[in-house]
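Undergrad:
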Amino acid sequence: MKIQDRNSDGEKSLINAQLNLPYYTNRNNFYANGRVIAIYAKDNSYHDYDYFVLYNCGKIWKRSSYSQMHFMNRGGVIVVFNTTSNKIIYTFDEGKTYYKFPLDNGYKLSYHVTTFGQYGNETLLILGRNQNQSHIIITHVDFKRIFSKHIFKQIERQCERYDYYPWRFTRNGKTCFQGQETVYFEKDLKSMCINNHTESFQINYNCPCYIQDFQWYTIVLF
């Protein structure tokens, strides 16, 4: 949704609009780092996923051009497999910059991409077959070497507090909602480290409560 003229009467009603979407949370995949959303579409002929990455505290949604995505490092690494070119495409900054590398030329037919492990032990596996399906090809991808503190020792760097930045969620232009202001800490995209936090940490503050923070309904008595 893009507002062309914020001063027009028709567009004023869309300012601070809220989306009410049915959803479920999968902490092992779609939850990722709290800013990656997967929307599942299905009808009689097909079913597919659309992936969105949220920026600017959820005010900007960017749709991914890939229908199959795999998340590692709690969303810090996003990986897709291009079946046409047999290349792995990955990003460390939620889609701002993509990198790619080719797989073995023997990959011709069916493939499967999966992740296993978590935090410092997380890896990516790619399974495929050759042209006549006589061999199974397995590719093991280890991204955690990129997060190494030292070039030669290969000691992975764990994320520290300074690798995160605070942000506040706004409703109707305010950061306070129903007497509480919440400050979330999001990992900096430039920080190359292993995100070992099991949950997104946050700080809550008390703040004034306003009548606009509540939904009001008209009750008609007969």
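Residue numbering for the sequence shown follows our numbering, starting at 3 and increasing by one per position.
The beta carbon of each residue, even a glycine, is placed where N, CA and C say it ideally should be.
Please classify residue 161 as buried or exposed, where buried requires at least 16 neighbouring CB atoms within 10 angstroms.
TA: Position 159 of the sequence shown, counting from 1, holds the residue named residue 161. Residue 161 is buried by the Cβ-count criterion.
Undergrad: Assuming residue 113 and residue 85 form a contact by the criterion Cβ under 8 Å, report the distance between their Cβ atoms to the nearest whole angstrom.
TA: Counting from 1 along the sequence shown, the entry for residue 113 is found at position 111. Counting from 1 along the sequence shown, the entry for residue 85 is found at position 83. Confirmed, about 7 Å.
Undergrad: Comparing C-alpha positions only, which one of 167, 165, 168, 208 sits nearest to residue 178?
TA: Here residue 178 is taken as the residue at index 176 of the sequence shown, counted from 1. Minimum Cα distance to residue 178 is reached at 208.
Undergrad: Within its chain, find whatever has a CB closer than 6 Å to the CB of residue 78; leave out the 5 residues flanking it on each side and keep chain order.
TA: Indexing the sequence shown from 1 puts residue 78 at position 76. Hits under 6 Å: 197.
Undergrad: Report all residues from its chain with a CB closer than 8 Å to the CB of residue 214; omit the five preceding and five following residues, and keep chain order.
TA: Taking the first residue of the sequence shown as position 1, residue 214 is located at position 212. Hits under 8 Å: 174.
Undergrad: Label residue 117 either buried or exposed according to how many other C-beta atoms from any shown protein chain fall within 10 Å of its C-beta, with 16 as the threshold for buried.
TA: Here residue 117 refers to the residue found at position 115 of the sequence shown. Burial call: buried.
Undergrad: Reducing DSSP to helix, strand and coil, say where residue 186 ends up.
TA: The residue you call residue 186 lines up with position 184 of the sequence shown. Three-state DSSP puts residue 186 in a strand.
Undergrad: Leaving out five residues on either side along the sequence, give the residues of the same chain with a beta carbon under 6 Å from the beta carbon of residue 97.
TA: Here residue 97 refers to the residue found at position 95 when the sequence shown is read from its first residue. Only 55 meet the Cβ criterion.
Undergrad: Looking at the structure shown, is residue 173 part of a helix, part of a strand, or coil, going by DSSP?
TA: For the purposes of this step, residue 173 is taken as residue 171 along the sequence shown, with counting starting at 1. In this structure, residue 173 counts as strand in the three-state DSSP scheme.
Undergrad: Residue 133 lies in the beta strand (DSSP E); which residues open and close that run?
TA: For the purposes of this step, residue 133 is identified with residue 131 of the sequence shown, where counting begins at 1. Looking at the DSSP string, residue 133 is not in any beta strand (DSSP E), and its letter there is neither H nor E.
Undergrad: Opposite residue 178 in the DSSP bridges: which residues?
TA: Taking the sequence shown and counting its residues from 1, one reaches residue 178 at position 176. 183.
Undergrad: Where do the N-terminal and C-terminal ends of the beta strand (DSSP E) with residue 65 fall, by residue?
TA: Here residue 65 is taken as the residue at index 63 of the sequence shown, counted from 1. Looking at the DSSP string, the run of the beta strand (DSSP E) that includes residue 65 is 62-65.
Undergrad: Would you kindly report the start and end of the unbroken beta strand (DSSP E) that includes residue 100?
TA: Counted from its first residue, the sequence shown places residue 100 at position 98. Where residue 100 is concerned, there is no enclosing beta strand (DSSP E), given that its DSSP letter is neither H nor E.
Undergrad: Shortest alpha-carbon distance to residue 145 belongs to which of 122, 89, 134?
TA: For the purposes of this step, residue 145 is identified with residue 143 of the sequence shown, where counting begins at 1. Of the candidates 122, 89, 134, the one whose C-alpha sits nearest the C-alpha of residue 145 is 122.
Undergrad: In whole angstroms, what separates the C-alpha of residue 73 from that of residue 99?
TA: Taking the first residue of the sequence shown as 1, we reach residue 73 at position 71. Taking the first residue of the sequence shown as 1, we reach residue 99 at position 97. Using only the alpha carbons, I get a separation of about 16 Å.
Undergrad: Going by DSSP in three states, residue 164 sits in which element: helix, strand or coil?
TA: As a first step, residue 164 is located in the sequence shown; it is residue number 162 there, counting from the start. It is helical.
Undergrad: Rounding to the nearest angstrom, what Cα-Cα distance links residue 168 and residue 141 in this structure?
TA: Locating residue 168 in the sequence shown gives position 166, where the first residue counts as 1. Locating residue 141 in the sequence shown gives position 139, where the first residue counts as 1. Cα to Cα, the separation comes out at about 38 Å.
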